[in-house]
């Protein structure tokens, strides 16, 4: 440690710094220039050339500057530092102390994000590197440098926000005028100037796709048919997949409309593109080009698409759209994983007695296991780690349930039918009407949420938000009225009708003798009493039973736990023996079964 000399003491006994060269602006400086323009338009590039000429003039005014390099970002926004390669290269060189002064014309050229500006200039200051904003006359090593920089950076950020608003205003004018967005590479059309002209050869492929879909073919079958017919895609190749067919069937351009709001920026700082998956919030404007598909045909295809989609309630209580695929398998139709997803029947492995099957959660199949995501450090909040469930275990549990409930007892059957007469004689059309009305209302509520999010993110103007919201509010009032009317009808006592089946048929259904020596494929009894099976784990199951046919729309909360039991090794061993299959004790773990009814 160096000693303090008496000569270093001022009159007020304060130690003065012995090395003040770093604060001397007239010392020899190793300098770099930074310049940026936000677009690659000719006028902007010309402005960049003027910027660099201006910097060279500045160097002549400062003979103590030794200019080492110029860092230039062309056609790049200033809202995020990490998106500017030249800027990031400059910061990397700064870490190696290749220079001690960065000269840039003004704060908005350096960054339009206040946080980025302050954080980066502080980091540079700690490395002994100063930034000089010429037009604003800010030197970051000055005592008031950071205060003045904060003010100027905030103004630059505000200017960026206003620029975003001006861009959106320009986009609105473009939408109102029916200006086409995109590069025009759309199957069935050629982009000629500012409009679309039908390409007849490609348009025929589009018509084939819509015709096949109206006939009931799914995406994969349409793909196979297009390949068989050797139809070419927009790139001129016979190369098709389900996603291409899906995009064509969703594209309103084919009925003569231009679609907007299919994506938006999350905010004016990050500028991340967010894909808008909610078609209900798209804005469609009639185009000035000839449609390939009649409007009524396109709308009919849309109805078919929407009939294959259902609203699924997530663990957070929100509703998400998911595909609706009805399985013919007796257990797959009833299995619902604890995460809310359906389950799919897959081949497990072959044995000498034939193939064995298991049920897997669609969440795991589509998104990967929660456990694996945690291991690699990825977000796992909405993911699932449910393992596969052997199909024979479901047959085993159902047999044990029948034994535990003693459903072959005549007295119990009589009581069940009495409940059936009391509770299942209501007109089912009214129940369906209520269910459909409630689903329609939930869908409209989702539209409001999505529209609000678009407004918060600044993707639509206040005027557009108000106009679209008023329209949706009108739809909501009508949907709410439909729900109330449906509920009123259900409360009327005179809507009680005759039982749908008589007591003899009901008893025959309940008394069905199941053959558990072979896998259950069809069963009136299963269809009648098993509503849903929820695997909590691969060893813990909750069965929701309708011991008498229940009303449509009954919620899980309307069920109560009536019995819980454990299936041990000996019971499972006897069951497997019926099917001529050996079960070893080390292969078995006890199953917990809860019955809700």
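Numbering (our numbering), first residue to last: 24 to 620.
Note that the Cβ used here is the ideal one computed from N, Cα and C, for glycine as well.
Just so we're clear, the structure is a prediction, and the values are computed from it rather than from any experiment.
- Our two residues, residue 418 and residue 588, have alpha carbons roughly 16 Å apart in a direct line.
- In this structure residue 269 is exposed. Its beta-carbon is surrounded by fewer than 16 other beta-carbon atoms within 10 angstroms.
- Straight-line measurement puts the Cα of residue 275 at about 39 Å from the Cα of residue 554.
- The residues 78, 93 and 126, in chain order, have a CB closer than 6 Å to that of residue 56 in the same chain once the five nearest residues on each side in sequence are set aside.
- Here residue 128 is buried: its Cβ has 16 or more other Cβ atoms, across all protein chains shown, within 10 Å.
- Cβ-Cβ distances below 8 Å link residue 232 to 245, 249, 268, 271 and 272 in the same chain, with the five nearest sequence neighbours on each side left out; the list follows chain order.
- Cβ contact annotation for residue 582 (same chain, cutoff 7 Å, sequence separation greater than five): 567, 619 and 620, in chain order.
- Annotation for residue 401: no alpha helix (DSSP H) segment contains it, and DSSP assigns it neither H nor E.
- With a cutoff of 8 Å on beta-carbon distance, residue 590 and residue 613 are scored as near each other.
- Spanning the alpha carbons of residue 495 and residue 616 requires a straight line of approximately 46 Å.
- In this structure, the alpha-carbon of residue 323 lies about 19 Å from that of residue 227.
- Three or more Cβ pairs closer than 8 Å define a contact, and the stretch 147 to 164 meets that threshold against the stretch 109 to 127.
- Annotation: the continuous beta strand (DSSP E) that includes residue 567 extends over 563 to 568.
- Where residue 225 is concerned, the enclosing alpha helix (DSSP H) starts and stops at 223 to 237.
- Under the DSSP assignment, residue 560 falls in the beta strand (DSSP E) whose first and last residues are 553 to 560.
- For residue 113, the enclosing alpha helix (DSSP H) has its first and last residue at 108 to 118.
- Within the same chain, 543, 546 and 548 come within 7 Å of residue 537 by CB-CB distance, once the 5 residues on both sides are set aside.
- By the beta-carbon neighbour count (other beta carbons within 10 angstroms, threshold 16), residue 457 is buried.
- In this structure, the beta-carbon distance from residue 257 to residue 332 does not fall below 8 Å.
- For residue 383, the uninterrupted beta strand (DSSP E) segment begins and ends at 377 to 384.
- Across the structure, residue 585 and residue 424 are spaced so that their CA atoms are roughly 11 Å apart.
- When beta bridges are read from the DSSP output, residue 153 appears opposite 124.
- One thing to note: residue 327 has its Cβ no nearer than 8 Å to the Cβ of residue 230.
- In the assembly as shown, residue 426 is an exposed residue. Its beta-carbon has fewer than 16 other beta-carbons within 10 Å.
- Distances from the CA of residue 474 to each of 461, 601, 459 and 491 were compared; the closest alpha carbon is that of 491.
- Residue 222 is positioned such that its CB atom lies closer than 8 Å to that of residue 212.
- Distances from the alpha-carbon of residue 611 to those of 251, 416 and 110 put 416 closest.
- For residue 321, the uninterrupted alpha helix (DSSP H) segment begins and ends at 318 to 330.
- The three-state secondary structure of residue 130, taken from DSSP, is helix.
- Check the Cα spacing between residue 375 and each of 359, 108 and 602: the tightest is with 602.
- Following the DSSP letters along the chain, one finds residue 251 inside the alpha helix (DSSP H) bounded by residues 242 to 251.
- Judged by beta-carbon spacing, residue 570 lies beyond the 8 Å limit of residue 556, meaning their Cβ atoms are not closer than that value.
- Here DSSP, grouped into helix, strand and coil, assigns residue 91 to strand.
- By the 16-neighbour rule on beta-carbons within 10 angstroms, residue 145 is exposed.
- Annotation: the continuous alpha helix (DSSP H) that includes residue 421 extends over 414 to 428.
- Take residue 112, set aside five residues on each side of it, and the residues of its chain with a beta-carbon closer than 7 Å to its own are 94, in chain order.
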